[in-house]
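Have a look at the structure below before the remarks.
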Amino acid sequence: MNADKENQGLIGVHRRSSATISNRIGRLLLAWYRKAYRDLPWRRTCDPYRIWVSEIMLQQTRAAAAIPYYQRFLERYPSVEALAAAGEADVLAIWSGLGYYSRARNLLRAARQVAAAGHFPEEIEALKALPGIGDYTAAAIASIAFGRPHAVVDGNVLRVVARVRNEPADIGAAATRRRFGEIAQAWLARRDPGGFNQALMELGATVCRPRNPLCTACPISAACQANQAGTAAQLPVKLRRVEPVEVREARLLVERSGRVLLRRRELSLGRLAGFWDLPSPDQLPAARLGVPLGEFRHSIAHHRYRIAVARAQAKKPPAGYGIFAWMDPGQLERVPLSTTARKALKLAAKARTATCPRA
DNA sequence: AAATCGGGGAA
DNA sequence: TTCCCAGATTT
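Residue 232 in our numbering sits at position 235 of the first sequence; the count goes up by one each step and never skips.
Shown next, in the form of structure tokens:
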């Protein structure tokens, strides 16, 4: 939008020159993408709902990690109406393990809005009005599902733009993201906005990678100023860097006739609200501690956890310490289960086979 | 503008 | 280990 305004303000010869360069990048990217694209599940559909689900799952998540979740999710909820009719706990159960659970909650809320409206929004502003859909996702859905001419700005795009223009500006700054977005918008191939956006992101994911960029295999290396300057590996510049916080915690594994004791986190909590996890020692004060099973690491954002797991015995869950339940393996798959619980159970299973090979 | 989100994989 | 991923939302 802004790039268009800028172009309109230029005199003819400059405008044509600028447009020629822009179109060349768009054309080269589309031609390359047709041959080099990865055959990912969400690229086999034009269904806006499926494209939407993929874009939400792909937020801050690699394609490889999202694929199994995407398949299961659409098997369970094949349409926006099916999703709108689901309960939140069921949706979170399917999502559990993928992280950033507000994505799932917002997706469900938005699905209910879309189902109630009776139609899927096609304009970028209407898309952005839905919960969980911000600038990137709105542009992605509008362009890929509906052919609207909006350039996406994600981590890949920021990296490619920084290198092509040899720009050392901090990509963490809002002003830089806006400016880089205008550059991507100027590159956009109007005949196929969705294809162009996917091509630009695919280039960032497979060729113009964060480390060890494959410049010799790049379809736009001739237009890349960082490639000419030899600075590609130093770009993009990202100044803000938060120090990770180390946290040590403990969990208790209490088993009784094939079931394990779990505790549900309060619904009022901001994070993992309503998720089930193994109880910690302070949540099970009467438990008799058993053998330690080891510890595992867990990381999210800038938190790094080391969680020790020990066996324990308890006759019954204590009153006043929250909601507890004994669950069998089948139940565990049907509730929102925290990844720490999953890792703790895995650790226990490993300890079991190590000490008792028959089991 | 900066923090938060309770994942995870590649190098 | 570190970095950062098809980011959005809240503070």
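Quick reminder that beta carbons are idealized off the backbone N, C-alpha and C, glycines included.
Chain-order list of residues whose beta-carbon lies under 8 Å from that of residue i (same chain, five-residue window excluded)
i: Gln68; result: Pro38
i: Val288; result: Ala307 and Arg308
i: Pro146; result: Ser140, Leu185, Arg187 and Pro190
i: Ile64; result: Leu37 and Pro38
i: Leu232; result: Arg156, Ala159, Arg160, Asn163, Glu164, Pro165 and Ala223
i: Val242; result: His299, His300 and Arg301
i: Ile121; result: Ala135, Ala136, Ala139, Arg145 and His147
Contact under 7 Å by Cβ, residue i with residue j
i: Leu80; j: Ala114; result: no
i: His300; j: Thr337; result: no
i: Arg260; j: Gly319; result: yes
i: Ala196; j: Tyr30; result: yes
i: Ala135; j: Leu124; result: yes
i: Trp323; j: Arg262; result: no
i: Val77; j: Ala112; result: yes
i: Ser218; j: Asn209; result: no
i: Gln310; j: Arg339; result: no
i: Trp92; j: Ala86; result: no
i: Asp167; j: Val234; result: yes
i: Leu27; j: Pro216; result: no
i: Leu281; j: Gly271; result: no
Beta-carbon contacts of residue i that lie in its chain and below 7 Å, excluding the five residues immediately before and after
i: Gln222; result: Val161, Arg162 and Asn163
i: Val157; result: Leu197, Leu200, Gly201 and Cys205
i: Thr228; result: Asn163
i: Phe70; result: Val50 and Ile91
i: Tyr133; result: Val149, Val150 and Asp151
i: Asn103; result: Pro128 and Gly129
i: Ala226; result: Asn163
i: Lys347; result: none
i: Gln110; result: Leu127
i: Val239; result: His299
Classification of residue i by the beta-carbon crowding that lies within 10 angstroms, buried from 16 upward
i: Gly129; result: buried
i: Pro276; result: buried
i: Ser51; result: buried
i: Ile297; result: exposed
i: Lys312; result: exposed
i: Gly9; result: With a pLDDT of 27 at Gly9, under the threshold of 50, the modelled position of this residue cannot be trusted, and the question is left open.
i: Gln182; result: buried
i: Asp325; result: exposed
i: Arg244; result: The displayed chain sequence assigns Val, not Arg, to residue 244. Under this definition Val244 is an exposed residue.
i: Val154; result: buried
i: Leu7; result: Reliability fails at Leu7, whose pLDDT of 27 lies under 50, so the model's placement of it is uncertain and no value is given.
i: Val150; result: buried
i: Val341; result: According to the sequence provided, residue 341 is Ala. The question's Val does not apply to it. Counting Cβ neighbours within 10 Å, Ala341 comes out buried, since at least 16 surround it.
i: Gly23; result: buried
Whole-number beta carbon distance between residue j and residue i, since they are thought to touch under 8 Å
i: Arg237; j: Gly192; result: Arg237 to Gly192, Cβ: 33 Å. No contact.
i: Leu250; j: Arg308; result: 5 Å
i: Ala305; j: Ala247; result: 5 Å
i: Arg21; j: Ala214; result: Arg21 to Ala214, Cβ: 18 Å. No contact.
i: Leu344; j: Leu290; result: 6 Å
i: Arg41; j: Tyr34; result: With a Cβ gap of about 11 Å, Arg41 and Tyr34 do not count as contacting.
i: Gln56; j: Tyr98; result: That pair is no contact at about 12 Å.
i: Tyr46; j: Met54; result: Actually they are not in contact, since the Cβ atoms of Tyr46 and Met54 sit about 13 Å apart, beyond 8 Å.
i: Ala61; j: Tyr74; result: The Cβ separation is near 22 Å, so there is no contact.
6 Å CB neighbourhood of residue i in its chain, flanking five on each side removed
i: Val332; result: Ala90 and Trp273
i: Gly357; result: Here the chain has residues from -2 to 356 only, and residue 357 is not among them.
i: Pro314; result: Phe321
i: Ile180; result: Val158
i: Val88; result: Ala101 and Leu105
i: Leu334; result: Ser93 and Trp273
i: Glu119; result: Phe143
i: Leu269; result: Arg262 and Ser335
i: Gly267; result: none
i: Leu211; result: Val204
i: Asn194; result: Ser140 and Val149
The ligand ADP heavy atom lying under 6 Å from the CB of residue i
i: Glu52; result: This structure lacks the ligand ADP; in fact it carries no ligand of any kind.
*Going along the chain, which unbroken runs of the alpha helix (DSSP H) with 4 or more residues stay wholly within the region 122 to 197?*
132 to 143, 152 to 161 and 171 to 184
Exercise. Ignoring anything shorter than 3 residues or poking outside the region 224 to 310, list the beta strand (DSSP E) runs there in chain order.
Key: 242 to 253, 256 to 261, 285 to 297 and 300 to 310
- Item | Segments assigned alpha helix (DSSP H), at least 4 residues, entirely inside the region 44 to 70 | 45 to 54
Beta strand (DSSP E) runs wholly inside the region 307 to 339, at least 3 long, in chain order:
320 to 324
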